[in-house]
Every structure is written in structure tokens, then in C-alpha cells.
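Sequential numbering of the sequence shown, starting at 49, is according to the numbering used here. For each residue, glycine too, the CB sits at the ideal point set by N, CA and C.
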Amino acid sequence: MNSKLRLGDLLVDTGKITQEQLTQALTYQKQKDVRLGSALVELEILTENELIEVLEFQLGIPHISLYKYPVDEKVINIINSSMAKNFSAIPIRLQDNRLTLAMADPLDVVAIDEISDSTGYEVDPVIATPDEIKQAIDNHYGIKETVDKAMENLKSQQQNVSDDMLEIDTLKDMVDDAPIVRAVNSILEQAVTEGASDIHIEPREDNLQVRFRIDGVLHDIMTSAKNTQAVIISRLKIMANMDIAERRLPQDNRFQTEIKGKQIDIRVSTLPTIYGEKIALRILDTDSLILDINNLGMSAPNLNKFKKVLNYSTGIFLVTGPTGCGKTTTLYSILNQINSSDQNIITIEDPVEYRLDGINQVNVNTKIGLDFARGLRSVLRQDPNVIMVGEIRDKETGEIALRAAMTGHLVLSTLHTNDAVSTLNRLADMGLPPFLISSTINGVLAQRLVRKLCQQCEGIGCKQCNETGYKGRVAIQEMLVMDDSLREALQNNASTSKLKEIALQNGLITLYNDGMDKVSQGLTSKEEVLRVAYGEGVN
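As C-alpha cells, then:
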């Protein structure tokens, strides 16, 4: 590559633009204080793809997509945010003393030389679009910049922030300072903006890592200096009304905050690790809660079975699947469907995730002995019509729930099983009598969440979906309705495979088949279905 060649000259020499267009773009560049490539695109003289084609094919400069390329947080921190913004460049890889640098203008010799001098590494430029670089800079430096500024402000006040074992009174004063408040708020705001369901703030040996779970997948967001650990974690603990002096035992609580004009509930859990306290935050956005059973993403056959089961006023209905598959959302939609002034509905949850009008919700509190079993016994003395038990975790809770269903109550609950049919044997494995299971279970819904294909690009990848091809999630379900043949087989201690054979003969649609039906509708991909439901009815 000719190190003296300039982008404008190259574009004129290759006939992509005229000299007059270059002059127009250079004038616009000075007026708007943008890079030449951006000026050409904004003036619609060239598209981003045409610009990339010239650099990639005429000069052999590799082109990468920053949305698809896994960026190493440690490498990004080799240059600071101001340098990244000034040169529209971001480091993506370091190997054998050579720094791979994604640039909007890989012919910018001044930028390459300055970054090389600043870092001490040889620079290998690759090309990425200006939009991708800007978004990468915002994503990777945005929160970090706020946090770093907060720490600088604290240092300027001559406060020692490097010790994780700071005096509690000092720590309390520090976490209420405006810089730290802004730093923590920026983390929360970005998580809500990006649609994250969870935030993980994790201490490492040399730094503090922040990750977001978006559409079920964890993404690295930033790493911060180790000396930010104590104040950031303590700030969150104070917001959740936790004991900041207690660092040896796990704690759980929640708080409510306003983000972008709406109230967001945040559930907080701390865990002592070898490098300090880890915090996990579950974001509970009531605006995203689906309370209409018609919007749960069920196929027509499954929805018809589901509605049929919900017509029963007694018995038990179970929703099964792994953590984070939307079981609580489904149960809340059922409660919303049957909620009326002539119903006494009581829930026992660990913890209550969303507050529902007209429903009596009870938080489990094991510290004082209020577990699911004890809570369920008390609820039965409250003249309930409908009882929701957050989870059947043991034989005692299961037996009380089944007997409640047998004595004229409608009971809703969840269980962790792989599919709907295996739920029946799982209850039997707990030691519950098969006759009790078969006579009370109305139905079982197993579900998973798969990522939806982006509606904008149909899975190809675009700015809307961060080039992943996916945006949002949709459920795949397996709806089992109990009938006489299943009840008889269960009472005769039939195996799971035998029960499944009967269920399939009676029209059961497996998780896999429901997923493949959604693939045929263009809602998701086969890879997604296999990722979450491999082995669950794969034929």
C-alpha cells in the first residue's frame, strides 16, 4: 500500500468520483468537521459499500463487520476514547506486537502513525463502515468513559478509591457523589436502551467487567479499572437497600428507578467471589410484559388446547422449562386472563417479579421460614379460588399443591423439566402418588425462547439488529393436555417414552416441531431451534 496515497486522490484515479465532486466533498468536510468518507456518503456522492469496494479491491485492504467480529475488551483499551473518536478507529486484535485497527479511512497515515507511536505497536489497518465504528466506540467506550470520569473526579477530591475494603462511612459518602451516581445510572440506562434482561457486574483479578444479557445471550460491554469495583457495587447495594458492610454472604433485594421516563423494577443479587462481590441485576420492564394469552406466540393448535385447559376451575396446570424461558410471563398472562372481581387469586413467588392489580401476591422469605410449602398451607386458609405457586421444588410443596387442586382449587405452577411429558414422571420421581398426579393434572406447557429473525434484514444482519440477524425473541411450545389414555398409563407406572408415544398419537406437537413450524413462517432459524431444543422431539 502506498503510504502517501490519499483517499480523495484514489477515488478520482479509479473514476469513482470526479475532481469537482472531490472539491465539493472537501468543502463540506471543512464545514461539518467530518471525515472525507463521511462527507462523500452524506452528500450521496458515494455509498458506504462503494467506498469500501474501492479500498478493499483496489488496495487489498481487508473489510470486516464490527457487528460480527468479537472485539476483545483488553485490546480496545489500548487506545483511549478521544483517540478512537478523533481518528474514527478502534483496535480489534493484538498479535505478535501488531495491532489490527478497524478504520473508516485506512489511508489516514497521520492516524496510523500517531496510534503506532502512542501504543508502541505496528498497526495493520482494516476497513469498517463509519456507522459501525461509531456504534462500536459508543458501545465500548460510552459507559467506561462515564465511569472513568467519575473516578477521576473522586481522585481529584483526594479520596482513596483503590481499596476494596474501604471504611464503610467513607464508602457511603463516596457512593452518593454525583460522578458515581452518573456512572451507575449510565450502565442501567444503556442496558434498558439495548433491551437487556440482565446486567452482570463481575470482579476479575485486575479489573471489573460488565456484561449484558440480550435476547438470551451474554455480551461483553466494558471493563473498568479495579479501583471502580468497591464504589460501583456499593452504590448498587445502597440503591437496593442492602447492607454494604456485609461482603461475605449473598444478599437479594430489589429497587425501582425511572429510566427514560418509565418506572423500571430491578432485582439485585450479590455473590461473594474470590475477587470480590459479583452483582447480577434482573431488569423487570412492565411495558414489555405480555399479559394477553393471544400474544404468547402460540401456534393455532397449541393455543386452542391452552384455552381449553384454562376453562377448568379446578386441577393443576404446569409451565415447564429452564430458567429464563418465560415461564413467569406465561403464568402472569394466565392470571390476567382469569382475573375478575368474583375470583380470589393468591400467588406465592420467589420473588414477586411484577405487581398485578387485583391479585394477592406473597413473597417467599426463607430467612423467617416462609417457604413455598408453608406459604401454600396458609394460602389454603384464605378461601382462594386460584393459587399460583412460583415453583414446585420438593415433595412437600408438590403434595400440598396437588391436594389443593383435588379439593376444588385451580393451581398454577412451574417445574424445571426438558419437555411436557417428562413432567409427569418428574412429579412421580419426587415421591408423589401416580393416582394423585393423574387425577389432578389438567395440562402441561413446556416452552423455550428462541431469537427472532430481524424483521428489517430478515436474518442477514443490519444496524437495527447489530448485524446479528436477530432481534427480539419468540416462544416455541409443547402443549400437553391430559386425557384418559395418559391417566391410565401414568397410574400403571408407564415410562416417559411410553407416555410420549401416547401423547404423540393424541396430537402432541413437540418443541422441535413447533420450532420448525416457526422457521417455515420466517420467525426464526433452524440453528436457533436446535440451539434451545436439540433432542426435544427431534425426528
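| Asked | Found |
| --- | --- |
| Contact belief for VAL434 with ALA449 at Cβ below 8 Å, rounded distance in angstroms | Rounded, the Cβ-Cβ distance is 12 Å, inconsistent with contact. |
| ASP531 burial status per 10 Å Cβ neighbour count (16 or more: buried) | exposed |
| Counted within 10 angstroms of its Cβ, other Cβ atoms place VAL158 as buried (16 or more) or exposed | exposed |
| Straight-line gap, GLY56 to TYR76 (C-alpha atoms, nearest Å) | 13 Å |
| Delimiting residues of the beta strand (DSSP E) encompassing LYS310 | 310-321 |
| Straight-line gap, TYR189 to THR465 (C-alpha atoms, nearest Å) | 41 Å |
| Element boundaries [beta strand (DSSP E), containing ARG397] | Checking the sequence, you will find Glu at residue 397 rather than Arg. That run of the beta strand (DSSP E) goes 393-397. |
| Cα-Cα separation between ASP211 and ALA273, rounded to whole angstroms | Caution applies to ASP211, whose pLDDT of 48 falls short of 50 and renders its modelled position unreliable; the model cannot decide the point. |
| Beta-carbon spacing of PHE420, VAL437 below 9 Å | yes |
| At least 3 beta-carbon pairs within less than 8 Å: the stretch 381-390 vs the stretch 486-502 | no |
| Alpha-carbon to alpha-carbon, ILE262 and ILE322 | 27 Å |
| As assigned by DSSP and simplified to three states, the class of THR462 | strand |
| Validate contact between the stretch 350-361 and the stretch 472-483 using beta carbons, cut 8 Å, 3 pairs | no |
| Within 9 Å, strictly: CB atoms of ILE175 and ILE109 | yes |
| Expected contact under 8 Å - CB spacing of PHE483 and GLN539 to nearest Å | 6 Å |
| Neighbour-count burial assignment, ARG146, 16 or more Cβ in a 10 Å radius | exposed |
| MET30 - DSSP class collapsed to helix/strand/coil | With the chain covering only 49 through 587, there is no way to say anything about residue 30. |
| 9 Å Cβ cutoff met for VAL229 and LEU284 | no |
| C-beta atoms of SER259 and GLU250 nearer than 9 Å | Checking the sequence, you will find Arg at residue 259 rather than Ser. For ARG259 and GLU250, yes; Cβs fall inside 9 Å. |
| Beta-carbon proximity check, ILE112 vs ALA150, cutoff 9 Å | yes |
| Beta-carbon spacing of LEU58, VAL102 below 9 Å | yes |
| Anticipated Cβ contact below 8 Å, GLY264 with LEU497, distance rounded | 6 Å |
| Exposure of ARG425, with buried meaning 16 or more beta-carbon neighbours within 10 Å | exposed |
| ASN561 - DSSP class collapsed to helix/strand/coil | helix |
| Alpha-carbon to alpha-carbon, LYS443 and CYS513 | 44 Å |
| Span separating the alpha-carbon of LEU559 from that of TYR380 | 21 Å |
| Status (buried if at least 16 other CB within 10 Å, exposed otherwise) for LEU297 | exposed |
| Contacts around GLN67, its chain only, beta-carbon distance under 8 Å, and the 5 residues preceding and following it disregarded | VAL60 |
| Alpha helix (DSSP H) segment containing THR75, residue limits | 67-80 |
| Spatial distance of VAL522 from ASP335 (CA atoms) | 17 Å |
| DSSP-derived helix/strand/coil call for SER568 | helix |
| Which listed residue (GLN277, ASN275, THR305 and LEU351) has its alpha carbon closest to that of ASN289 | THR305 |
| Where GLU325 sits in the DSSP three-state scheme | strand |
| Environment of THR455 [buried if 16+ CB atoms lie within 10 Å] | exposed |
| Buried versus exposed call for ILE364 [16 or more other C-beta atoms within 10 Å across all chains shown] | buried |
| When THR377, TYR115, THR167 and GLN299 are compared against GLN132, the one with the closest alpha-carbon | Contrary to the premise, residue 132 reads as Ala rather than Gln in this sequence. Ranking THR377, TYR115, THR167 and GLN299 by Cα distance to ALA132 puts THR167 first. |
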